[in-house]
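Visitor:
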Amino acid sequence: MPYIPLHISALFIALVFGIAFLIIIAVQVCGRRLELSFEEQRNNIWATICVLLVWLMFTLIIGISGYLTDFTALPPKILLVIVPPFLFMLLILTSKQFHQLCAPLDNFWFIYPQSFRILMEFILWLLYRYHIIPVQMTFEGRNFDIIIGLTAPIVAYYCFNRKTWSPKVALVWNFIGLALLINVMVVAFLSTPYPFRHFMNEPANTLPFYFPFVWLPSVVVPFALLLHAISIRRLIIGDNR
23 MPYIPLHISA LFIALVFGIA FLIIIAVQVC GRRLELSFEE QRNNIWATIC VLLVWLMFTL
83 IIGISGYLTD FTALPPKILL VIVPPFLFML LILTSKQFHQ LCAPLDNFWF IYPQSFRILM
143 EFILWLLYRY HIIPVQMTFE GRNFDIIIGL TAPIVAYYCF NRKTWSPKVA LVWNFIGLAL
203 LINVMVVAFL STPYPFRHFM NEPANTLPFY FPFVWLPSVV VPFALLLHAI SIRRLIIGDN
263 R
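Count along the sequence shown from 1, then add 22; that gives the number in this note's numbering.
(1) Beta-carbon separation of Y152 and T160 under 8 Å?
(2) Going by Cα to Cα distance, which pick from M222, I133, N223 and Y25 is closest to V177?
(3) Kindly indicate the opening and closing residues of the alpha helix (DSSP H) around T81.
(4) I'd like to know whether the C-beta atoms of I84 and L78 end up nearer to each other than 8 Å.
(5) Counting along the chain, where does the alpha helix (DSSP H) carrying L149 start and finish?
(6) So what's L187 in DSSP terms, helix, strand or just coil?
(7) Just to confirm before moving on: does the CB-CB distance between T81 and W237 stay below 8 Å?
(8) Just to confirm, are L148 and I30 a CB contact at a threshold of 8 Å?
(9) Let me know if C181 comes out buried or exposed under the rule of 16 or more other beta-carbons within 10 Å of its beta-carbon.
(10) Just to check my reading of the structure: L202 and F235 have Cβ atoms closer than 8 Å, yes? What is that Cβ distance to the nearest angstrom?
(11) Here's a check: name, in chain order, each residue in its chain whose Cβ is nearer than 8 Å to the Cβ of E162, leaving out the five neighbours to either side.
(12) Tell me the residue span of the alpha helix (DSSP H) that contains A48.
(13) Going by Cα to Cα distance, which pick from L96, F110, L58 and P97 is closest to V73?
(14) Within 10 angstroms of its Cβ, does T186 collect 16 or more other Cβ (buried), or is it exposed?
(15) Identify the continuous alpha helix (DSSP H) that holds A178 and give its terminal residues.
(16) Tell me whether the beta-carbon of I155 lies closer than 8 Å to the beta-carbon of N223.
(17) Pick helix, strand or coil for P234, following the three-state DSSP scheme.
(18) Would you tell me roughly how many angstroms separate the C-alpha atoms of V208 and S59, rounded to the nearest one?
(19) Between the alpha carbons of E143 and L247, how many angstroms are there, rounded?
(20) Can you tell which of V206, A174 and R184 has the C-alpha that lies nearest to the C-alpha of A192?
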């Protein structure tokens with residue numbers, strides 16, 4: 023396991039729990055705006071907390087155990103923490119009940135939070151400066167994800183607060199955000215020490231195979247993807263609030 027300075031790990035853990043807290047707050051706000059009964063609101067919040075805690079604990083244990091670090095295994099064991107959140111996203115995105123729960127939220131709820139990517143890119147840059155990850159995973163290399171983080175507040179404000187920009191701007195921005203996210207995911211995967219590794223510069227990307235950065239592919243990336251997916255769907259169907 024590479025040595026990761028404590029302050030970087032602490033900053034990343036704070037980011038992950040900030041994301042979890044934001045999800046819980048969103049569920050609470052939705053329940054209130056839908057005027058659900060107290061019991062329904064409580065059940066929704068506790069269900070959300072339980073799902074988040076179970077997933078965080080499961081991935082924590084997997085990351086600490088070293089199980090993911092067998093780089094000769096095919097298919098890669100890292101898929102154990104990548105595939106479930108993607109399947110869960112597909113499940114809720116096709117759920118009518120989920121979209122009804124999200125209905126009271128204005129579109130900026132799904133764009134402003136993408137500014138967390140500024141902090142995430144800063145953390146990756148710090149890791150690069152400590153020679154823990156390769157340069158292509160940062161904005162000095164092939165990772166341009168910080169653009170989305172920097173522009174998220176601007177797009178949300180002018181499209182949905184002041185409403186001086188067309189919602190189509192937000193739609194295009196979301197697709198660009200998806201493309202940049204997929205780009206960095208591919209770069210990260212091709213920088214790992216698997217047989218199909220493409221980027222041969224050192225160090226190899228072993229970061230997501232250890233705690234706490236196992237939460238990067240299992241929590242942080244799915245959260246960004248989910249925000250894009252919900253926002254795109256709402257804009258395509260004409261919900262321009």
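Glycine included, every Cβ here is placed at the ideal spot set by N, Cα and C.
Guide: Reading it off the structure:
(1) No, Cβ-Cβ distance for Y152 and T160 is not below 8 Å.
(2) I133
(3) T81 -> alpha helix (DSSP H) spans F60 to S87.
(4) no
(5) F138 to R151
(6) Reading off the sequence shown, one finds Trp at residue 187, where the question assumed Leu. In this structure, W187 counts as coil in the three-state DSSP scheme.
(7) For T81 and W237, yes; Cβs fall inside 8 Å.
(8) yes
(9) buried
(10) Not really, about 20 Å apart at Cβ, beyond 8 Å.
(11) W147 and Y150
(12) L28 to R55
(13) F110
(14) exposed
(15) I168 to A178
(16) Contact flag unset, no.
(17) Here DSSP, grouped into helix, strand and coil, assigns P234 to coil.
(18) 44 Å
(19) 16 Å
(20) A174
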